[in-house]
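In the order they appear, the protein sequences are chains C and S. Numbering of the first sequence is given in our numbering, commencing with residue 818 and proceeding in unit increments. Numbering of the second sequence is given in our numbering, commencing with residue 4 and proceeding in unit increments. Report on one structure; see the data block that follows.
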Amino acid sequence: MQTVETEVLVVGGGATGVGVARDAAMRGFATVLVERKDLAEGTTGRYHGLLHSGGRYAVKDPRAARECAAENVILRRVAADCIEDTGGLFVATPWDDPDFGDRFLAGCAATGVPVEEMEVAEALKREPAVNPGITRAFLVADASMDSWKLVWACARSAEQHGASILTYRQVTDVLRAGDEVAGVVVVDSRTGEQTTIHARMTVNATGAWAGKLAGLAGCRPVDVIPGKGIMIAMNHRIVNTVVNRCTMPSDGDIIVPIRTVSVVGTTDSPVIDPDQLEVTQAEVDHMLDEGEKLVPGFRQARALRVWAGARPLFGDRSPGDDDTRDITRAHALIDHAERDGITGFVTITGGKATTFRLMAEETVDLVARTLDPGNERPCRTAVELLPDSQSEAYYSVGSRLAQREAHLQDDQLVCECELVSRRDLEETLARRPTANIDDVRRALRLGMGPCQGGFCTYRATGILHRQERLDQSTANGALLDFLQERWKGVHPILYGDQLRQARLDDWLYQGLMDVEHLPDPAHP
Amino acid sequence: MSGNGRDGEVVVIGIGLAGLVAGLRLAEAGRSVRLLAKGVGSTHLSGGTVDVLGYAPARVLCPAGALPEFVAAHPDHPYARIGTEVVGAAIEWLKGRMDNPRYVGDLSRNFLLPTALGVAKPSAVAPQTMAGGDVTRGGGFAIVGLPGLKDFYPGMVAGNLASAVGVAGEVIEARPVEVDVALDGRADVGPLAYAGRLDDPAFRAQLAARLKGRLGEDEVVGMPAVLGLADAEQVWEELEARIGRPVFEIPTLPPSVPGIRLYRSLLGALRRAGVRVAIGGEVVGAEIDGTRVTGVYTDAANGARFHPAAGVVLASGGWAAGGLEMDSHWGLREPILGLPVTAVPEGVPRFRPGYFDHHPLARTGVAVDGSLRPVDGDGRVVFTNVRVAGATLAGAEPWKEKSGDGLSLSTGYHAAMSLLAEEG
């Protein structure tokens, strides 16, 4: 068994975890991050991609609104490459009370969310697909944010500041020395190797899974309710501005244009286990119906994929307190020394992608106060630009096409839908060797377009097999795993042209290549 | 006669294998045929082989032997509807019409032909340019990779092939051989572009020269299926002669060169037989008189047009081709004639969570009687002068059974014979 010593150990490789790791490393702490799967494999990689303006919470959750408004300004500067400046509209559809708009404006004013009311005609000119029956429209600073790019950029920056990012490491035990948490034991899920990591401070940044880790650490229960939200990606940019229903937060109240698709979301239902998020037919129908209200004809568009994420909803209750307050979307930082008398352990949960940086800042402030009292180590994440965002230019939807056109003759196109080139793929593999095509997908969007991997799964397997010198059985496993992974997100929404596409993919893999009879005893 | 009876025109809808076969068979029998298609058919996706029955669900080595039991177990399967003797007749008929490349094989045994993943897939009939890849009796194989071709990975083909064995346990050895050929600096070359280059004798000579010294004495040489579009027999024979080794083709991802050859051969025969072919004429509606379809409407750039029909062969494809559709409210329909589509039973999911599971939607489609006339839920014939062929039919799971080509061929053939018998 290997042993690693560090000052700060972060458990969880979502936006919050990498944000904490980067912030801690930038303040000079020896930092290690462990993630049980790949980075952004959990909630961060499974949301609709909205950079909140704060408008969504202006009426219901003022603290969350205020935080979002402030972070929106900061992230637009430090993470520009991850953000497309779409702007956002809040519109009152025929199903919404136009008078809510007045409460909305007042809420925005009270929480510092920039907003201006627009003429309906002007809003419809900007977004012609939106329901022409809208009665009011408000423009806010919503944007779309690529959470994968964000997480990779934070992780890379953290590494540049000396942090170690260890993926596919599952925590199997939390080390206790009396009332102190002294680190964790992790097992490498790919090699089976165990590592003991000793840390002066362990940060529980596992989001919807925070209760589980706190339980392993022996703390009083941390009450995180996983709130399931489903989202459906439609195959093109139905709108180019984020479009929200101007009403209290509800199911299916938003369409986010992000990268090549538009995402409609979302639902909110409590679940027991954040690893068991089943998408039901009723939920799909509900999203499509709500999408239809915002954009008539929505159902005629092609649904590419459905997925579910687990929001970490934190409602801490003192012993004997039976009240369940309306759970805020703001975050919660728990100092277990203060709360449970257990030192060396803090939990950061709740919150949302938009406020990940702030959550990290507050967490590392607490870590720094505890580990290094009296020594001021200021947070710099609000001013220091992320890698790839140095030019302070926003991402634009045509940028990949421009890259592609520069190399039309001298580079191969592996994924036509998302314009992923062979060079992109080989460089990504060189940087982060893997035998898992889903890891490549998160880094490059490979297989995320209309054909959902129909052509590129085979090609990526061939290239992976060759470049990584995988044995044949591992390569076959990668192919079969990715086919199953893609199927999981398409079968609940297969209708219209996407059903056609899926049957075409079956023809290729089963009819033409006979993939189901690959000589791999580990798979069907 | 005005659109009815012996002398009226038969309208074939669809230009995949089923439509091509039905149209040609009718024209050969002297019928006046019009073939309407919205675009090219699914031949362009097909590997060019005729897979009749590959798995039932165990691997089938002799389709003639396996078919009787298979249809007994699947009474709703199109093979059961038309009778298995039709399959053999249709195969012999097709082989008589394919001359470049010629087709070989029959129902007495399946070839086991390597796919682009190196799986040995059972196919009853194959182009001569592919049949040499049969691994039934083991052997040594060199799998050739070409630069810039992203739809074929020789290392994977060889890797998987090497872990297979012949039917009596014979050893299979396989290794990749990557050859360098001049591509004018292009890094991304598709199968069709390569086929075009191989039509050029100078390029063939260059390829052969670079391959020649790198092959083992007993090795059979597997090439991606790009051995020319215009004259595949010539390209194949010349390559074999130049390198002195047997050569065979392995289908790549689409567009499929062998599939396009099959399409072009049959389309040429159709045209020579006098069939009027309109590609780009999507059928958007039909005129109906009781239990007969009296004509169909196409919608093309020059406007809607009515085509009177004495008979109709509906070969518009299945879910993949758009011949069957499901809307966002999960309603199933056959969009051209509005034929009844068999339903997934109430309470049963359309799809199951495992990609390789049997999905209940897979066997849905248009149900037919033994003459391939469409029937409703009570078994009543919907239109007496309509025949349904190919992937539109209910009852099969072609990609799992490896039966899609055989189904399209034999039902296309049977649809024609049935119309001829009724009206002759």
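We put the CB at the ideal spot given by N, CA and C, even for glycine.
Next item on the list: Only counting runs of 3 or more residues, tell me where the beta strand (DSSP E) segments fall wholly within the stretch 1102-1173 of chain C, in order along the chain.
Entry: 1120-1131, 1148-1152, 1162-1167
Checklist line | First through last residue of the beta strand (DSSP E) which encompasses C:MET1048 | finding: Counting from 1 along the first sequence, the entry for residue 1048 of chain C is found at position 231. From DSSP, the beta strand (DSSP E) with C:MET1048 extends over 1041-1051.
Note to self: Short of 6 Å in beta carbon distance, which residues of its chain neighbour S:VAL107, apart from the five on each side in sequence? Order them along the chain.
What the structure shows: Counting from 1 along the second sequence, the entry for residue 107 of chain S is found at position 104. Here the set comprises GLN131, ALA134.
Notebook entry, point to check: Any Cβ of chain C within less than 8 Å of the Cβ of S:PHE354?
Noted result: Mapped onto the second sequence, residue 354 of chain S falls at position 351. Yes, S:PHE354 counts as interfacial toward chain C.
Next item on the list: Give the single residue among S:PRO150, S:ARG105, S:ARG140 whose Cα lies nearest to the Cα of S:HIS129.
Entry: As a position in the second sequence, residue 129 of chain S is number 126, starting the count at 1. Note that residue 129 of chain S corresponds to Ala in the displayed sequence, not to His. The candidate whose alpha carbon is nearest that of S:ALA129 is S:ARG105.
Notebook entry, point to check: So, does the CB of S:SER126 fall closer than 8 Å to a CB anywhere in chain C?
Noted result: By 1-based counting over the second sequence, the position of residue 126 of chain S is 123. No, no contact with chain C.
Notebook entry, point to check: Do the CB positions of C:ALA1170 and C:TRP969 come within less than 8 Å of each other?
Noted result: Looking up residue 1170 of chain C in the first sequence gives position 353. Looking up residue 969 of chain C in the first sequence gives position 152. Result no, Cβ atoms of C:ALA1170 and C:TRP969 do not sit closer than 8 Å.
Item checked: Cβ pair count under 8 Å reaching 3, the stretch 60-73 of chain S against the stretch 379-397 of chain S -> In short, these stretches do not touch, since the Cβ pair count stays below three.
Note to self: So if DSSP puts C:PHE907 in a beta bridge, which residue, or which two residues, is it bridged to?
What the structure shows: Here the question's residue 907 of chain C lines up with position 90 in the first sequence. Answer is C:PHE955, C:ASN1061, bridged to C:PHE907.
Check: If we ignore side chains and look at the alpha-carbon of each, how far apart do C:ASN889 and C:VAL1081 end up?
Finding: Against the first sequence, residue 889 of chain C aligns to sequence position 72. Against the first sequence, residue 1081 of chain C aligns to sequence position 264. Those two C-alpha atoms are separated by around 21 Å.
Notebook entry, point to check: Using the C-alpha atoms, what's the distance from C:PRO949 back to S:ALA307?
Noted result: Residue 307 of chain S sits at position 304 when you count from the first residue of the second sequence. Residue 949 of chain C sits at position 132 when you count from the first residue of the first sequence. Roughly 32 Å separates the two Cα atoms.
Notebook entry, point to check: Hey, which unbroken runs of the beta strand (DSSP E) at 3 residues or more fall wholly within the stretch 30-61 of chain S?
Noted result: 36-40
Margin query: Taking the beta strand (DSSP E) that C:ALA1232 belongs to, which residues open and close that run?
Written below: The count along the first sequence starts at 1 and reaches residue 1232 of chain C at position 415. Checking the sequence shown, residue 1232 of chain C turns out to be Cys, not Ala. Looking at the DSSP string, the run of the beta strand (DSSP E) that includes C:CYS1232 is 1230-1232.
Next item on the list: Compare the C-beta of C:ASP1139 with all C-beta atoms of chain S and state if any pair is closer than 8 Å.
Entry: Position 322 of the first sequence, counted from the start, is the residue given in the question as residue 1139 of chain C. Per-residue confidence for C:ASP1139 stands at a pLDDT of 44, beneath the threshold of 50, marking its modelled position as unreliable; no derived number is given.
Next item on the list: Check the Cβ-Cβ distances between C:ARG1262 and every residue of chain S, and say whether any is below 8 Å.
Entry: For the purposes of this step, residue 1262 of chain C is identified with residue 445 of the first sequence, where counting begins at 1. It does not: the Cβ of C:ARG1262 has no partner Cβ on chain S nearer than 8 Å.
Next item on the list: Provide the residue span of the alpha helix (DSSP H) that contains C:SER964, from first to last.
Entry: Translated into the one-based positions of the first sequence, residue 964 of chain C becomes position 147. From DSSP, the alpha helix (DSSP H) with C:SER964 extends over 964-977.
Check: Excluding the five sequence neighbours on either side, which residues of its own chain have a C-beta within less than 6 Å of the C-beta of C:ALA980, listed in chain order?
Finding: Working through the first sequence from its first residue, we reach residue 980 of chain C at position 163. Around C:ALA980: ALA838, ALA842, THR848.
Next item on the list: Starting from the Cα of C:THR1083, find the closest Cα among C:ARG1128, C:ILE1055, C:ARG953, C:LEU1263 and give me that residue.
Entry: Within the first sequence, numbered from 1, the residue matching residue 1083 of chain C stands at position 266. That would be C:ARG1128, whose Cα lies nearest to the Cα of C:THR1083.
Note to self: Any beta carbon of chain C sitting closer than 8 Å to that of S:ASN163?
What the structure shows: Position 160 of the second sequence, counted from the start, is the residue given in the question as residue 163 of chain S. For S:ASN163, the answer is yes, since a Cβ of chain C falls inside 8 Å of its Cβ.
Notebook entry, point to check: Are C:TYR1312 and S:TRP322 close, meaning C-beta to C-beta below 8 Å?
Noted result: Looking up residue 1312 of chain C in the first sequence gives position 495. Looking up residue 322 of chain S in the second sequence gives position 319. Against a cut-off of 8 Å, the Cβ pair of S:TRP322 and C:TYR1312 comes out as no contact.
Margin query: Strictly under 8 Å for the Cβ-Cβ distance: is S:PRO401 near chain C by that measure?
Written below: Taking the first residue of the second sequence as position 1, residue 401 of chain S is located at position 398. S:PRO401 counts as touching chain C.
Check: Hey, would you say the C-beta of C:SER1216 is under 7 Å away from at least one heavy atom of the ligand PLP?
Finding: No copy of the ligand PLP occurs in the structure displayed, which carries no ligand at all.
Notebook entry, point to check: Going along chain S, which residues have a C-beta under 8 Å from C:VAL1078?
Noted result: Within the first sequence, the letter at position 261 stands for residue 1078 of chain C. Neighbours of C:VAL1078 on chain S: none; closest Cβ ~17 Å, over 8 Å.
Check: Is S:GLY428 close to chain C, meaning its C-beta is less than 8 Å from at least one C-beta of that chain?
Finding: As shown, chain S starts at 4 and ends at 427. That puts residue 428 of chain S outside it, with no answer to give.
Next item on the list: Kindly indicate which residue of S:LEU364, S:SER126, S:PRO356, S:PRO258 has the alpha-carbon position closest to the one of S:ALA196.
Entry: For the purposes of this step, residue 196 of chain S is taken as the residue at position 193 of the second sequence. Among S:LEU364, S:SER126, S:PRO356, S:PRO258, the Cα nearest to that of S:ALA196 is on S:PRO258.
Check: If you compare alpha carbons, which of S:ALA190, S:VAL347, S:VAL182, S:LEU423 is closest to S:LEU206?
Finding: Working through the second sequence from its first residue, we reach residue 206 of chain S at position 203. The sequence shown places Phe at residue 206 of chain S, rather than the Leu named in the question. The shortest C-alpha separation from S:PHE206 is found at S:VAL182.
Next item on the list: Assign S:TYR300 to one of three DSSP states: helix, strand, or coil.
Entry: Within the second sequence, residue 300 of chain S is the residue found at index 297, counting from 1. In the structure shown, S:TYR300 sits in a strand (DSSP, three-state: E or B).
Item checked: Straight-line gap, C:TYR985 to C:ARG1249 (C-alpha atoms, nearest Å) -> On the first sequence, residue 985 of chain C is found 168 positions in, with the first residue counted as 1. On the first sequence, residue 1249 of chain C is found 432 positions in, with the first residue counted as 1. It is roughly 12 Å from the alpha-carbon of C:TYR985 to the alpha-carbon of C:ARG1249.
Check: Comparing alpha-carbon positions, which option in C:GLU1222, C:PHE955, C:ARG844, C:GLY1264 lies nearest C:THR1064?
Finding: Within the first sequence, the letter at position 247 stands for residue 1064 of chain C. Answer by Cα proximity: C:PHE955.
Check: Does the beta carbon of S:THR118 come closer than 8 Å to any beta carbon on chain C?
Finding: Position 115 of the second sequence holds residue 118 of chain S. Taking Cβ atoms only, chain C reaches closer than 8 Å to S:THR118, which makes this a yes.
Check: Which whole-angstrom value describes the C-beta separation of S:GLY57 and S:GLU404, a residue pair presumed to lie in contact below a C-beta threshold of 8 Å?
Finding: What you label residue 57 of chain S is simply residue 54 of the second sequence in a count that begins at 1. What you label residue 404 of chain S is simply residue 401 of the second sequence in a count that begins at 1. That pair is a contact at about 7 Å.
Margin query: For S:ASN305, count the other beta carbons within 10 Å of its own beta carbon; 16 or more makes it buried, fewer makes it exposed. Which is it?
Written below: On the second sequence, residue 305 of chain S is found 302 positions in, with the first residue counted as 1. S:ASN305 should be labelled exposed.
Next item on the list: Examine chain C for any beta-carbon lying closer than 8 Å to the beta-carbon of S:ARG189, and answer yes or no.
Entry: Here the question's residue 189 of chain S lines up with position 186 in the second sequence. So yes, S:ARG189 belongs to the interface.
Item checked: For S:ALA212, the nearest candidate out of S:GLU222, S:GLU236, S:ALA185, S:ALA190 (CA to CA) -> In the second sequence, counting from the first residue as 1, residue 212 of chain S sits at position 209. Ranking S:GLU222, S:GLU236, S:ALA185, S:ALA190 by Cα distance to S:ALA212 puts S:ALA185 first.
Checklist line | Given C:THR1278 as reference, the closest of C:CYS1036, C:GLN1011, C:ILE1254 once Cα atoms are compared | finding: As a working mapping, residue 1278 of chain C is identified with position 461 in the first sequence. Minimum Cα distance to C:THR1278 is reached at C:ILE1254.
Checklist line | Beta carbon of C:THR1058 nearer than 8 Å to that of C:GLU944 | finding: Sequence index remark: in the first sequence, residue 1058 of chain C carries index 241 (1-based). Sequence index remark: in the first sequence, residue 944 of chain C carries index 127 (1-based). Result yes, Cβ atoms of C:THR1058 and C:GLU944 sit closer than 8 Å.
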